[in-house]
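Inspection log for the structure reproduced underneath, given as C-alpha cells.
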Amino acid sequence: MSDTVKIKGVKAGLQLTFAKEASFEDVEKNLTEKLESGNKFFIRGTTVFIPKDHFEPEQNEILKKLFHRHGMLFSTEIKTPKFTSSSTPSRKNETVQQMTVIKRTIRGGEEVEVESSLMIFGNVNPGAHIVAGGSIDIRGTCRGVVHAGAFGDESAIIVADRLMPTQIRIADIIARSPDNMEKAETAERAFIKDGHIAFEPINR
Numbered sequence: 754m755s756d757t758v759k760i761k762g763v764k765a766g767l768q769l770t771f772a773k774e775a776s777f778e779d780v781e782k783n784l785t786e787k788l789e790s791g792n793k794f795f796i797r798g799t800t801v802f803i804p805k806d807h808f809e810p811e812q813n814e815i816l817k818k819l820f821h822r823h824g825m826l827f828s829t830e831i832k833t834p835k836f837t838s839s840s841t842p843s844r845k846n847e848t849v850q851q852m853t854v855i856k857r858t859i860r861g862g863e864e865v866e867v868e869s870s871l872m873i874f875g876n877v878n879p880g881a882h883i884v885a886g887g888s889i890d891i892r893g894t895c896r897g898v899v900h901a902g903a904f905g906d907e908s909a910i911i912v913a914d915r916l917m918p919t920q921i922r923i924a925d926i927i928a929r930s931p932d933n934m935e936k937a938e939t940a941e942r943a944f945i946k947d948g949h950i951a952f953e954p955i956n957r
C-alpha cells in the first residue's frame with residue numbers, strides 16, 4: 754500500500770496523514786520502511802506531527818518510540834485554536850504528546866516550564882532554565898539548563914543547533930556538557946543510552 758502514509762512539510766516539521774483503510778499495523782510497517790530506507794523527508798531532529806486522536810494512546814506511544822529511535826520528535830496535532838485552563842488535558846501522558854512553540858530567545862534568569870514537548874525558535878542563553886514534560890527542540894544555541902522528560906519519560910530527547918547547556922537532564926538522569934561541546938558546529942541531540950545521557954550529531 755504505497756500511499757499508506759502521506760508526508761507534508763509544514764513550518765514546524767512534518768505532518769503525516771494516513772489512508773482511511775490502513776490499519777495501525779500497516780502504518781507502523783510503512784513508517785518503519787521509510788525510516789530505515791533513509792527517506793529524505795525524515796531528517797534527524799525534525800518534529801513529526803500526526804492527527805490528534807487518530808490512534809489510541811498506546812499506539813501513539815509505539816510511534817513515538819519509533820521516531821525517537823531515529824532521532825526525531827513526535828507530536829499529535831492540536832486542532833483546537835488554544836487550550837484554556839479548563840480544556841487542557843489532565844492526563845500528563847496525553848499532554849506531553851502536544852507541542853508548545855516559543856518564537857524568541859530565552860534570556861538568562863528566565864524560566865520556562867511546560868507539560869508538553871517544547872520547540873524554541875531562538876537561543877537559550879546562559880542562566881535560562883527550560884523544563885518540558887516531553888522532548889525539547891531548540892532552533893538555535895542552547896547554553897542554559899534544560900530538562901526534558903520531566904514526568905519520567907526516558908524516551909524524551911533534546912535537540913539543538915548548537916547544544917552547549919550548563920546542565921542537561923532527561924527524566925531523572927543528569928549530565929553536564931562534554932568539555933569539547935564548545936567546539937561543536939553541527940546540530941546535536943541528547944538521549945538516554947545504557948542508563949546515561951549520550952550525544953550525537955544530526956543533520957537538520
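Numbered per our numbering, the sequence shown spans residues 754 to 957.
The beta-carbon is built from N, C-alpha and C at its ideal position, and this holds for glycine as well.
Check whether residue i and residue j have beta carbons under 9 Å apart
i    : j    : result
I923 : F944 : yes
I883 : I910 : no
F808 : F777 : yes
H823 : L788 : yes
Straight-line gap, residue i to residue j (C-alpha atoms, nearest Å)
i    : j    : result
F827 : R797 : 12 Å
D756 : A772 : 7 Å
T800 : A901 : 15 Å
R860 : L916 : 16 Å
N878 : A775 : 45 Å
G762 : V898 : 30 Å
P918 : D906 : 20 Å
Q812 : K818 : 10 Å
R844 : I760 : Any reading at R844 must be qualified, since the residue scores a pLDDT of 43, below 50, and its modelled position is unreliable; no value is offered.
L784 : D925 : 30 Å
G791 : R929 : 31 Å
H821 : F795 : 12 Å
F952 : P810 : 29 Å
6 Å Cβ shell around residue i - same chain, five flanking residues per side excluded
i    : result
K832 : Low confidence applies here, because K832 scores a pLDDT of 39, under 50, leaving its location unreliable and the question unanswered by this model.
F874 : K856 and R892
V854 : M872
T770 : K759
Among the options, nearest to residue i - alpha-carbon criterion
i    : options                   : result
E863 : M852, G948, R896 and K946 : R896
G886 : T894, L767, N878 and S869 : S869
D947 : R929, H823, T919 and S908 : S908
G766 : H949, V899, F952 and M852 : M852
P954 : D779, N813, M825 and G762 : M825
E781 : F952, I815, E938 and T770 : I815
H950 : N783, T829 and I927       : Checking the sequence shown, residue 950 turns out to be Ile, not His. Cα-wise, what sits closest to I950 is I927.
A881 : Q920, V854 and A940       : Q920
T829 : N783, L784, Q768 and F795 : Q768
A940 : D925, G791 and N956       : N956
E938 : D914, R929 and D925       : D914
Cutoff 7 Å; reference residue i; Cβ partners in own chain excluding five residues on either side
i    : result
E866 : V884
Beta-carbon contacts of residue i that lie in its chain and below 8 Å, excluding the five residues immediately before and after
i    : result
N876 : T858, I859, I891, G893, T894, C895 and R896
Item to complete: Go through the region 857 to 907 residue by residue and report every complete run of the beta strand (DSSP E) that reaches 3 residues or more, in order.
Response: 864 to 867, 870 to 873, 882 to 885, 889 to 895 and 898 to 901
Item to complete: Could you pull out every unbroken beta strand (DSSP E) segment of at least 3 residues lying fully inside the region 798 to 824, listed in chain order?
Response: The DSSP assignment places 800 to 803 as complete runs of the beta strand (DSSP E) inside the region 798 to 824, in order along the chain (cut-off: 3 residues).
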